[in-house]
Amino acid sequence: MYWYLKILILLLSIYSCNQGKPETTYKLENDTLKIVGEKHLRNIKMLTDEGENAEAYFSFGEDRLIFQSTHGAYPCDQIFTMNLSGENKKIVSTGKGRTTCSYFLPDDKKIIYASTHRAFADCPPKPDYSQGYVWKVYKAFDLYIANADGSDPTAFLSADGYDAEATISPKGDRIVFTSMRSGD
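All residue numbers for the sequence shown refer to this note's numbering, where the first residue is 1204 and numbers rise by one.
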């Protein structure tokens, strides 16, 4: 008799867990950026409409994005931030050299990114694209930590050799990055 009661309670628990908030109505015709046949993405929005933009990451507060962009006055990748709406876009790197791999620190008051600006005020030489896309691993890339508005960029672990692609742990107590300091 008790096993009937246990099964009933289990079934009611499963049923109640599946009674979440109903999904809002979604109309495919409103999603003009969706590629025909795409099944995994929806509500796609274009936030930038100029230049080449890459590597966008959310702030920890999930109210801003940080990304790299090449456009207009910036022929080399620079780091920008903007609101999730695509508004209030501003440069937060130095505007010199080439930058990449930006990320917010957990308090969203600081950012980290890689830049060649200490070695190259202008764009460093472009890689050979004859075999397709290539990301040049410049030895001049160093990691910088700056205020979220871009002020006070300070070299972080500056050394000869490529240092870039930093990611911060959610608590902010660890950092992982790619380095070619030792040749590998």
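For glycine and all other residues, C-beta sits at the position ideal for the given N, C-alpha and C.
Element boundaries [beta strand (DSSP E), containing residue i]
i, result
"Gly1271", "Here residue 1271 turns out to be Gln, not Gly, going by the sequence shown. Where Gln1271 is concerned, the enclosing beta strand (DSSP E) stretches over 1267-1274."
"Pro1278", "1277-1286"
"Leu1346", "1345-1350"
"Ser1164", "The question about residue 1164 has no answer, for the chain in this structure spans 1204 to 1387."
"Thr1370", "1366-1371"
"Val1379", "1378-1382"
"Ala1358", "1357-1359"
Cβ separation of residue i and residue j, assumed to be a contact under 8 Å, to the nearest whole Å
i, j, result
"Asp1366", "Arg1384", "7 Å"
"Gly1364", "Lys1342", "6 Å"
"Arg1267", "Leu1287", "7 Å"
"Ile1282", "Ser1262", "Contact flag wrong, Cβ pair sits at about 13 Å."
"Asp1311", "Ala1351", "6 Å"
"Ala1369", "Phe1380", "4 Å"
"Thr1303", "Ala1317", "5 Å"
DSSP state of residue i mapped onto helix, strand, coil
i, result
"Gln1334", "coil"
"Tyr1260", "strand"
"Ala1324", "coil"
"Ala1340", "The question names Ala, but residue 1340 is Val in the sequence shown. It is coil, neither helix nor strand."
"Ser1305", "strand"
"Gly1294", "The sequence shown places Ile at residue 1294, rather than the Gly named in the question. Three-state DSSP puts Ile1294 in a strand."
"Glu1253", "coil"
Under 8 Å between C-beta atoms of residue i and residue j
i, j, result
"Tyr1277", "Ile1269", "no"
"Arg1301", "Asp1331", "no"
"Gly1254", "Thr1284", "no"
"Ile1378", "Pro1309", "no"
"Val1295", "Gly1353", "yes"
"Gln1271", "Glu1258", "yes"
Handout entry: Segment contact, 8 Å Cβ cut-off, at least three pairs: the region 1318-1329 with the region 1344-1359
Key = Under the three-pair Cβ rule at 8 Å, the region 1318-1329 counts as touching the region 1344-1359.
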